[in-house]
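Every position in the sequence shown, counted from 1, becomes a number in my numbering once 56 is added.
Even for Gly, the Cβ is constructed at its ideal location relative to N, Cα and C.
Just so you know, these numbers come straight off a predicted model, no measurement behind them.
For reference, the structure discussed in these notes is given below.
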Amino acid sequence: MRRKRLGVVTDGAFNAGLTVRLDPGVSTEDLRIGDFVVVEGEQNRYFSMISDIQLKVTDATFLADPPRDAPPFIAQAIAGTNTYATVQVKPMLMLEKTDEWAIPDQPTGVQTVRTIPMHFAELCQADPLDFATVFGKEGGLNFAVGVPLTMDIPICIQLDRWVERSNGIFGQTGTGKSMLARLILSGIIKTGAAVNLVFDMHNEYAFDKQTEDGGWVKGLRQLFGSKVLVYSLDEKMAARRNVDVTLKLGLNQIEAEDVMLLAEELDLRPTTAATAGLLSDVYKEDWLRELLRMSPEEVLAFCQASGAHPEATSALQRKLMAIKRRGYIVERAPFSLIDEMVAALDAGKHIILQFGRYSHALDYMLVANVVTRRIRRLYQEKVERYEETKDPGDAPRPLMITIEEAHKFLNPTAAKQTIFGQIARELRKYRVTLMVIDQRPSGIDPEVMSQLGTRVSGKLTEERDIEAVLTGVADRSTLRGALASLDTRQQVLLMGHAVPMPIVVRTRPFDEEFYRAMGLREGRSAVEDIAELFGEATEGTG
């Protein structure tokens with residue numbers, strides 16, 4: 057079937073893109089910035105994105121004295137002769153023609169654009185086969201996240217490529233970042249592309265949640281049952297909800313770098329790093345516990361013996377008492393609970409750590425850093441063992457760690473100190489990647505942003521945030537226009553490693569149809585989930 061023709065190429069350059077004059081019957085109101093279109097060259101088809109739309113006239117007098125209150129037939133009469141429209145089109149991929157109107161079912165021939173078509177090449181509307189050729193058909197590790205703005209065709213991301221590198225979901229408040237994260241997490245759980253550890257700062261992901269329009273959406277525990285384990289710092293929440301483990305952290309598990317991450321939250325002095333280092337040298341893993349129990353005389357004695365500054369040490373002691381007062385902190389705790397997390401991840405379980413009433417940034421940053429550092433060390437040991445044995449049974453499952461408010465962990469100062477900055481730069485060296493969620497991408501270290509493989513961005517209005525999202529991305533001017541054209545809800549720009557080319561989509565609704573696609577059995581209750589969990593535990597001990 058012949059595609060709908062939109063216009064012909066009249067001008068262009070390889071770096072700047074193509075100028076296409078629209079046919080008289082084509083309205084600019086039927087086109088959108090970011091639309092996926094096809095340019096038919098003599099030898100190749102060019103899968104492209106619309107980057108700009110312009111109105112033109114052939115006679116300048118129409119601009120000086122435009123017809124006022126003219127009947128519609130006047131506008132129709134001069135359309136295409138005295139007035140016309142052009143679109144700027146940026147070719148992203150090309151495919152060699154094998155038959156005039158046929159495209160292979162498999163996108164093996166799709167390649168990076170290395171040339172441009174000649175004058176008068178036709179611009180056509182993309183059809184379902186074009187979308188399938190470039191973005192793949194839904195199924196396997198191809199997961200549909202939405203549809204184009206003007207068509208109802210699934211647009212897929214490749215989940216195996218998504219988890220190969222760290223990724224980012226960005227957008228200003230209210231653009232649906234958490235809902236999009238739910239969609240992608242659901243796809244990863246459904247397909248088994250990786251296991252997930254989600255640091256759920258605002259209790260968004262495990263159980264049902266009310267949306268901005270007043271409706272309720274199911275949580276990942278409700279969708280996937282015993283595949284998802286829920287941990288909590290909050291004992292009261294654990295008593296109310298179907299929580300599997302209440303997590304406690306010990307003062308002995310907190311290292312100096314964890315404290316430095318909290319410098320802004322606790323108003324720590326520049327001397328903190330040196331003081332904490334001296335304490336660690338003397339007391340090893342018990343440095344914080346010993347500091348917090350010291351009397352003024354013991355503080356002075358320590359400073360005289362180690363060379364630490366007495367006032368700086370006393371000030372650090374006072375400020376770190378805020379950590380000791382958190383309800384989930386105990387004097388000493390074994391690492392066994394965190395090690396059990398890794399064992400669950402190895403078994404293919406997905407973990408959501410809820411913070412409950414401990415939703416202060418201090419809690420989130422401290423706990424996420426301590427837990428992630430331990431898990432990352434265990435994963436490193438597993439990968440090193442696998443490289444020695446070459447036994448597939450020793451290979452750890454790919455792990456994706458999801459963090460919100462990512463700029464707090466990955467700002468230019470923290471990114472050099474925290475485990476999250478290290479993971480983002482490793483490019484999955486130890487099979488651990490990040491999915492970062494943030495409304496302020498400009499606060500994230502540019503080096504970290506450049507390492508993010510796939511970026512999904514909703515509406516952004518701050519120029520600094522737009523610049524940050526496009527860090528290290530080709531065709532920035534083209535994508536800037538696509539970002540600027542987004543609505544505030546349910547529209548995102550996909551770009552990067554997990555998609556063959558950038559595209560604007562309307563995100564998939566998190567509704568009953570989606571629940572069924574994820575395999576939710578109608579009528580399944582929380583009691584059934586508990587029974588399934590108990591049954592698995594019984595089998596494991598038998």
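Does the segment 226-244 touch the segment 511-526, meaning 3 or more C-beta pairs lie closer than 8 Å?
They touch, by the three-pair rule.
Assign W218 to buried or exposed, taking buried as 16 or more other Cβ atoms, counted over all protein chains shown, within 10 Å of its Cβ.
buried
If you follow the alpha helix (DSSP H) that A424 is in, where does it begin and where does it stop?
417-445
Does P326 pass the burial test, meaning 16 or more other C-beta atoms within 10 Å, or should it be called exposed?
By the Cβ-count criterion, P326 is exposed, with fewer than 16 other Cβ atoms from all chains shown falling within 10 Å of its own Cβ.
Rounded C-beta distance between V251 and L401? I'm assuming under 8 Å.
5 Å
With distances taken between CB atoms, is the gap from G73 to K146 smaller than 7 Å?
yes
So, at 6 Å on beta carbons, what are the nonlocal neighbours of D91 in its own chain, with the 5 sequence-adjacent residues on each side left out?
I106
Please state whether DSSP places Y102 in a helix, a strand or coil.
Reduced to three states, the DSSP call for Y102 is strand.
So which of I431, L376, Y140 has the shortest CA-CA distance to R332?
The displayed chain sequence assigns Ala, not Arg, to residue 332. The residue with the shortest Cα to Cα distance from A332 is L376.
Which residue marks the beginning of the beta strand (DSSP E) containing D67, and which one marks its end?
61-69
Nearest CA to the CA of P80: which residue from F103, G97, R88, T142?
T142
Count the C-beta pairs between the segment 303-313 and the segment 422-434 that are closer than 8 Å, then say yes if the count reaches three, no if not.
yes
Does S513 come out as helix, strand or coil in the three-state DSSP assignment?
Looking at S513 - three-state DSSP - the assignment turns out to be strand.
Run the proximity test for K60: is its beta-carbon closer than 6 Å to any non-hydrogen atom belonging to the ligand ADP?
You won't find the ligand ADP in this model; it holds no ligand whatsoever.
Could you check the C-alpha separation between R101 and R487 for me, to the nearest Å?
37 Å
How is the alpha helix (DSSP H) around D186 delimited, first residue to last?
Its alpha helix (DSSP H) spans residues 184-191.
Looking at the secondary structure, which residues open and close the beta strand (DSSP E) in which T171 lies?
The continuous stretches of beta strand (DSSP E) do not include T171, and DSSP gives it neither H nor E.
Identify whether K485 lies in helix, strand or coil by the three-state DSSP scheme.
coil
Under 8 Å, with one C-beta from each stretch per pair, do the segment 485-505 and the segment 287-294 reach the 3-pair mark?
no
Does the Cβ of A378 have 16 or more other Cβ atoms within 10 Å, making it buried, or fewer, making it exposed?
exposed
Quick one: what does DSSP say T84 is sitting in, helix, strand or coil?
helix
Determine whether the beta carbon atoms of L466 and V504 lie at a separation below 7 Å.
yes
With a CB to CB cut of under 6 Å and the five nearest residues on each side skipped, what residues in its chain are close to V301?
Y287
Using 7 Å as the threshold, is the C-beta distance between V94 and A182 below it?
Yes. Within cutoff.
For my contact list, T328 and V338 are in at a C-beta cut-off of 8 Å; report their separation, rounded to the angstrom.
Between T328 and V338 the beta-carbon gap is near 16 Å, outside 8 Å, which marks them as no contact.
Please specify which runs of the beta strand (DSSP E), each continuous and at least 3 residues long, are wholly inside the segment 200-275, giving them in chain order.
211-214, 223-226, 251-256
Whole angstroms is fine: what's the gap from E460's alpha carbon to Q266's?
19 Å
Under 7 Å Cβ to Cβ from A368, same chain only, skipping five residues before and after it: list those, please.
R325, T327, T331
Just how far apart, CA to CA, sit L276 and V525?
28 Å
Any idea what DSSP makes of L574, helix, strand or coil?
Position check: residue 574 holds Met in this sequence, whereas Leu was assumed. The answer is coil: DSSP assigns M574 none of H, G, I, E or B.
Let's see if you can read the secondary structure: which residues bound the beta strand (DSSP E) around I54?
Since the first residue shown for the chain is 57 and the last is 598, residue 54 is missing from the structure and cannot be characterised.
Just the Cα atoms here: how many angstroms apart are R572 and G196?
16 Å
As an exercise, report each continuous beta strand (DSSP E) stretch of at least 3 residues that is fully enclosed by the segment 348-417, in chain order.
406-410
Is F476 buried or exposed, if buried means 16 or more other CB atoms sit within 10 Å of its CB?
buried
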